[in-house]
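Q: Mind looking over this structure? Questions follow.
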Amino acid sequence: MTTKRTMTLNLTEAEMTALEELCEKKDLSKTAVLRQALRLYQMVDSRIERGDKLFFEDDAKKAKAEVMVL
Amino acid sequence: MTDVPLHIQRRADGSWIEAQILEGVKPPDLIVVEGEWAAERSQVMQELLKQGVPRPNWPQSLHWDWRKKAPQLKLLASAGFGLVSEKRWQGVMLTLTEPYATQLNQDKGKPLLYIDYLEIAPWNWAIPAIGQVGQFRGIGSILFWKAIRQSQEEGFHGRVGLHALPQAELFYEKICRMTPLGRDPSKQNLLYLELSRIEAERHLKEDNKS
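Going line by line, the protein sequences match chains A and B. Mind the numbering: the first sequence is residues 54 to 123 in the working numbering, read in order. Mind the numbering: the second sequence is residues 86 to 295 in the working numbering, read in order.
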């Protein structure tokens, strides 16, 4: 098994509410949601670093907007 | 790297041989895999040419090269698994936990484990056109079972998704009981299939009985 390390995370009320809502919506634990968020952030960051662009596309409105990731 | 012991069956005499599922496969492992498999791929190709087998009937992963897939393992979302027996890699699988979500109605939008690549060793391919029966059976099924287990461990309730090569569509639909959800123009028009959490539970229950 991969060794796991523990950390304390301080969140604002709004951040904690958002986290809890995502847990409910995705049927995941808080740890799993944060793990997924980190994986996605790293994946997006690595693609942007190699020159790719990230877009949101709305088929109905035929709209496409580039997402700027900091 | 950790390993899970099990047994696989040799087609020739039906005997059961010890094997391990290796978790935490790293990029250098994939270089070793391709080192073992490349010569076999080439031999199969030569035999297909010699027998005049039309190219559409060739194994559709014949051109794969696991060395090229190695960089993907640097991502947190990616994981590699291998099935090893008799000191040889009998099958390999790469999975992703992002950015796919299930399209099936009952769990729509919830995360699933995506099988990015799954291949069995060339000596395990059954290719009747060249008289090759394959050494071990069930390698793909064992790796698929491992994907269901990983999905459970991730908190995804066994949900699994993948794009199937045309020659593997029946296997995933009939044997693995995945639901076909249409062809995907963004993935060479491959058929996209998903395993629901209900079917995943059935798979694991059956496994407990056997």
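Yeah, the Cβ is synthetic: ideal placement off N, Cα and C, and Gly gets one too.
If we require 3 or more residues per run, which beta strand (DSSP E) segments fall completely within the stretch 186-222 of chain B?
A: 198-205
Q: Residues bridged to alanine 104 of chain B by DSSP?
A: According to DSSP, which records beta bridges pairwise, alanine 104 of chain B is partnered with B:Leu91.
Q: CA-CA distance, isoleucine 116 of chain B and tryptophan 122 of chain B?
A: 10 Å
Q: Would glutamate 286 of chain B and alanine 85 of chain A be called neighbours here (beta carbons separated by less than 8 Å)?
A: no
Q: Could you tell me if methionine 178 of chain B is buried or exposed, where buried requires 16 or more neighbouring beta carbons within 10 angstroms of its beta carbon?
A: buried
Q: Near phenylalanine 108 of chain A, which residues of its chain fall below 6 Å by C-beta distance, leaving aside the five closest residues on each side in sequence?
A: Lys117 and Glu119
Q: Short check: CB of glutamate 279 of chain B to CB of leucine 189 of chain B, under 8 Å?
A: yes
Q: Can you pull the DSSP bridge partners for methionine 178 of chain B?
A: Partner(s): B:Phe166 and B:Leu203.
Q: Taking the runs of the alpha helix (DSSP H) that are 4 residues or longer, which of them lie wholly in the stretch 124-171 of chain B?
A: 151-154
Q: Could you give the first and the last residue of the continuous beta strand (DSSP E) run that contains arginine 268 of chain B?
A: Where arginine 268 of chain B is concerned, the enclosing beta strand (DSSP E) starts and stops at 264-269.
Q: According to the neighbour-count rule (16 or more other Cβ atoms, all chains shown, within 10 Å of its Cβ), is aspartate 192 of chain B buried or exposed?
A: buried
Q: Please classify arginine 96 of chain B: does DSSP put it in a helix, a strand, or coil?
A: Look at arginine 96 of chain B here: in three-state DSSP terms it is coil, with no helix or strand label.
Q: From what residue to what residue does the alpha helix (DSSP H) around phenylalanine 229 of chain B run?
A: 224-238
Q: Using a Cβ-Cβ cut-off of less than 9 Å, give me the residues of the stretch 140-165 of chain B that come near chain E, in sequence order.
A: Given the protein chain composition of this structure (A and B), no chain E is represented.
Q: Where lysine 106 of chain A and leucine 93 of chain A are concerned, what is the direct C-alpha to C-alpha distance, given to the nearest angstrom?
A: Going from the Cα of lysine 106 of chain A to the Cα of leucine 93 of chain A covers about 15 Å.
Q: Determine, for aspartate 80 of chain A, whether the minimum Cβ-Cβ distance to residues of chain B falls below 8 Å.
A: yes
Q: Just checking, does the stretch 255-274 of chain B make contact with the stretch 140-147 of chain B on the three C-beta pairs under 8 Å criterion?
A: no
Q: Using 8 Å as the threshold, is the stretch 98-113 of chain B in touch with the stretch 156-170 of chain B, meaning 3 or more CB pairs across them?
A: yes
Q: Closer than 8 Å by beta-carbon distance: list the chain A residues that pair up with proline 90 of chain B, in chain order.
A: Result: empty, since nearest Cβ-Cβ is about 15 Å, beyond 8 Å.
Q: Could you give the distance in angstroms between the alpha-carbon of isoleucine 93 of chain B and the alpha-carbon of leucine 203 of chain B?
A: Their backbone Cα atoms lie some 17 Å apart in a straight line.
Q: Got a sec: which bits of the stretch 175-187 of chain B sit with their beta carbon under 8 Å from any beta carbon on chain A, in order along the chain?
A: Thr182, Glu183 and Pro184
Q: Determine whether the beta carbon atoms of lysine 83 of chain A and leucine 72 of chain A lie at a separation below 8 Å.
A: yes
Q: With distances taken between CB atoms, is the gap from alanine 124 of chain B to valine 169 of chain B smaller than 8 Å?
A: no
Q: Please determine whether the Cβ atom of arginine 95 of chain B lies at a distance below 7 Å from any heavy atom of the ligand NAP.
A: Here there are no bound small molecules, and the ligand NAP is not part of this structure.
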